[in-house]
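Numbering (my numbering), first residue to last: 4 to 217. A short worksheet on the structure shown next.
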């Protein structure tokens, strides 16, 4: 559903008041402006000088996606290949704009913050995911360990048929859906998928979280 229509629907259903709706619509307008700025920069810059590759020292990675698109793949060694503005500050990698591919071996640890951008790919390990106003679509391993905070984005986790996860997610004004049967309570979704060896925990403020079969 279109994000602005979602806000209006929540207002109509009484889940938010008029002031909250106004703030959310204003935030969405800012997102649209930033997106147009990013597109302009990508047209104006010669990305030949902004293309590179960075080998990472460990498989424990901290990454901020500010205004870019990220693809996550399995790889033998941790590294990031990019076409855009990418810098490393301390232990954190920052993708300001452009495209990047992050390669990580199975069992890696990833702290990923998505301010405004799109993330897709495959991940098997420990994931700490914070989404402000972005979209994330990931294929997870059979029993990954995932903590997610989704403020106002669309997050999709696709699991294999033999997946084993314990799910416990708190809701504010968001929505959670699952292709496995989970227990729905007021402001909380919980249950066990398969043997429950992995974890999907966290919270959804205003946004969507979908747990799907591959």
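C-beta: ideal position from N, C-alpha, C; glycine also. All figures in this text were calculated on a predicted structure; none of them were measured in a lab.
Nearest to residue 205 by alpha carbon, out of 175, 119, 183 and 197? As a working mapping, residue 205 is identified with position 202 in the chain shown. The residue with the shortest Cα to Cα distance from residue 205 is 175.
How is the beta strand (DSSP E) around residue 88 delimited, first residue to last? Locating residue 88 in the chain shown gives position 85, where the first residue counts as 1. 82–92 is the extent of the beta strand (DSSP E) around residue 88.
Tell me whether the beta-carbon of residue 227 lies closer than 9 Å to the beta-carbon of residue 141. Given a span of 4 to 217 for the chain in the structure shown, any question on residue 227 remains unanswerable.
Let me check one thing: in DSSP terms, what residues is residue 177 bridge-paired to? Along the chain shown, read from residue 1 onward, the residue named residue 177 stands at position 174. Residue 177 is bridged by DSSP to nothing; it lacks a bridge partner.
Please classify residue 209 as buried or exposed, where buried requires at least 16 neighbouring CB atoms within 10 angstroms. For the purposes of this step, residue 209 is taken as residue 206 along the chain shown, with counting starting at 1. Here residue 209 is buried: its Cβ has 16 or more other Cβ atoms, across all protein chains shown, within 10 Å.
Between the region 76–93 and the region 114–121, do at least 3 Cβ pairs fall closer than 8 Å? The region 76–93 is not in contact with the region 114–121.
Per-residue DSSP class, three states only, for residue 9: Residue mapping note: residue 9 aligns to position 6 of the chain shown, counting from 1. Here residue 9 sits in helix by DSSP.
Assigned exposure category for residue 110 - 16 Cβ within 10 Å defines buried: Position 107 of the chain shown holds residue 110. It counts as exposed.
Go through its chain and collect everything with a Cβ distance to residue 191's Cβ below 8 Å, but skip five positions before and after it. As a working note, residue 191 is residue 188 in the chain shown. 171, 172, 173 and 174, listed in sequence order.
Sequence-distant residues of its chain with Cβ nearer than 7 Å to residue 94 (five each side left out): Within the chain shown, numbered from 1, the residue matching residue 94 stands at position 91. Correct list, in chain order: 65.
First and last residue of the uninterrupted beta strand (DSSP E) at residue 129: For the purposes of this step, residue 129 is taken as the residue at position 126 of the chain shown. Note, residue 129: beta strand (DSSP E), 128–134.
Leaving aside the five residues before and after residue 135 along the sequence, list all residues of the same chain whose C-beta is less than 6 Å from its C-beta, in chain order. Taking the chain shown and counting its residues from 1, one reaches residue 135 at position 132. Excluding its 5 nearest sequence neighbours in each direction, residue 135 has C-beta neighbours in its own chain below 6 Å: 118 and 154, listed in chain order.
Simplified DSSP assignment, three categories, for residue 15: Walking along the chain shown from the start, residue 15 turns up at place 12. Helix, per DSSP.
Our contact map puts residue 72 next to residue 120 with C-beta atoms below 8 Å; I'd like the distance itself, whole angstroms only. Here residue 72 refers to the residue found at position 69 of the chain shown. Here residue 120 refers to the residue found at position 117 of the chain shown. That belief holds up - the Cβ atoms of residue 72 and residue 120 are roughly 6 Å apart, short of 8 Å.
Taking 9 Å as the threshold (beta carbon to beta carbon), is residue 64 in contact with chain D? No chain D is part of this structure, which consists of one protein chain only.
By Cβ distance, which residues of its chain are closer than 6 Å to residue 130, with the 5 residues on each side in sequence left out? Walking along the chain shown from the start, residue 130 turns up at place 127. Residues 113 and 149 of the same chain have their beta carbon placed closer than 6 Å to that of residue 130, with the five preceding and five following residues left out of the count.
Under 8 Å by Cβ, that's how I've got residue 89 and residue 103 pegged, so tell me the actual separation to the nearest angstrom. Along the chain shown, read from residue 1 onward, the residue named residue 89 stands at position 86. Along the chain shown, read from residue 1 onward, the residue named residue 103 stands at position 100. Distance from residue 89 to residue 103 at the Cβ level is roughly 6 Å; contact confirmed, criterion being Cβ atoms closer than 8 Å.
What does the Cβ neighbour count give for residue 61, buried or exposed, with the cut at 16 atoms within 10 Å? Counting from one through the chain shown, the residue named residue 61 turns up at place 58. A residue is called buried once 16 or more other Cβ atoms fall within 10 Å of its Cβ, and residue 61, having fewer, is exposed.
Can you list, in chain order, the stretches of the beta strand (DSSP E) that have 3 or more residues and sit fully within the region 97–153? Complete beta strand (DSSP E) runs here, min 3: 111–117, 121–126, 128–134, 138–143 and 148–153.
If I'm right that residue 122 touches residue 137 with Cβ under 8 Å, what's the distance once you round it to whole angstroms? If you number the chain shown from 1, residue 122 lands on position 119. If you number the chain shown from 1, residue 137 lands on position 134. At roughly 7 Å, the Cβ-Cβ gap stays under 8 Å, so residue 122 and residue 137 are in contact.
Going by the DSSP bridge assignment, what does residue 77 pair with across the sheet? Taking the chain shown and counting its residues from 1, the one referred to as residue 77 is at position 74. The beta-bridge partner set that DSSP reports for residue 77 consists of 107.
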